[in-house]
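Working notes for the structure below.
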Amino acid sequence: MRSTRHLALPVYSVGALLVFLPLIDFVLSVFPIRVHEAQWRFGAEGLLSRALLTPILGLLIWFLLASFLEQRSMLRLIAGFCSLIDVILAVVIVSFSLDALQVRGQYPADAKVAFIFTAVMALVKHTSFFLASLAMGMASWRLAHRPRPTSERDRVTTPLLSHDIAGAKKTSRVSS
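Numbering-wise (the numbering used here), the sequence shown opens with residue 23 and increments by one.
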């Protein structure tokens, strides 16, 4: 595993680009911020639903690398970051739902179906990202707090290697 530690900086860097650049693009696309306008909030929250897939993939890259390298402090950081994302997304889901109800009357009758479809899809995306972030945060927290393996045999986690080791033990018992 020590030979793979040199991968950490480039992989974490790519993950950071995937997490932060789309979010910066999102902020720039909704600028100037007009939080007091329901229509602006509805549009911004809708755009956010389109911008979250790439950051979630970046978080997944961080999570996988931290898990592979058994970096407990990074796993804790990822769990905290996911918790922050979940709090923000919970607020966005509630706010978006209320804003959709508030602005739906501003759309003409022939655009209602498109409006409803767009609003429901954005809510589905926000909820999906919330659940993915929640699952990743919980998994990160569990991995960061699991007991460390006590022997080299306990470190084997892949079924193929476990089977080979179990077979080797059986063989050694038979030959004894």
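Glycine included, C-beta positions come from ideal geometry on N, C-alpha and C. In this text the structure is predicted, and so the values were computed from the model without any measurement.
CB of residue i within 8 Å of CB of residue j, strictly
i      : j      : result
Ser117 : Glu59  : no
Phe42  : Ala73  : no
Ser155 : Asp108 : yes
Gly102 : Gly37  : no
His148 : Ile115 : yes
Arg94  : Ala161 : no
Phe97  : Ser105 : Strictly speaking, residue 97 in this sequence is Leu, with Phe absent from that position. Not a contact, by the Cβ cut-off of 8 Å.
Val125 : Gln61  : yes
Leu91  : Ala133 : no
Ala122 : Ala136 : no
Leu99  : Pro77  : no
DSSP-derived helix/strand/coil call for residue i
i      : result
Thr26  : helix
Leu99  : helix
Val57  : coil
Leu91  : coil
Arg170 : coil
Val52  : coil
Pro32  : helix
Thr180 : With a pLDDT of only 49 at Thr180, under 50, the local geometry of the prediction cannot be trusted, and no value is derived from it.
The alpha helix (DSSP H) enclosing residue i, as first and last residue numbers
i      : result
Ala131 : Where Ala131 is concerned, there is no enclosing alpha helix (DSSP H), given that its DSSP letter is neither H nor E.
Arg63  : Ala60 to Ala73
For this session: Count the CB pairs spanning the segment 75 to 93 and the segment 30 to 46 that are closer than 8 Å, and state whether there are at least three.
Result: yes
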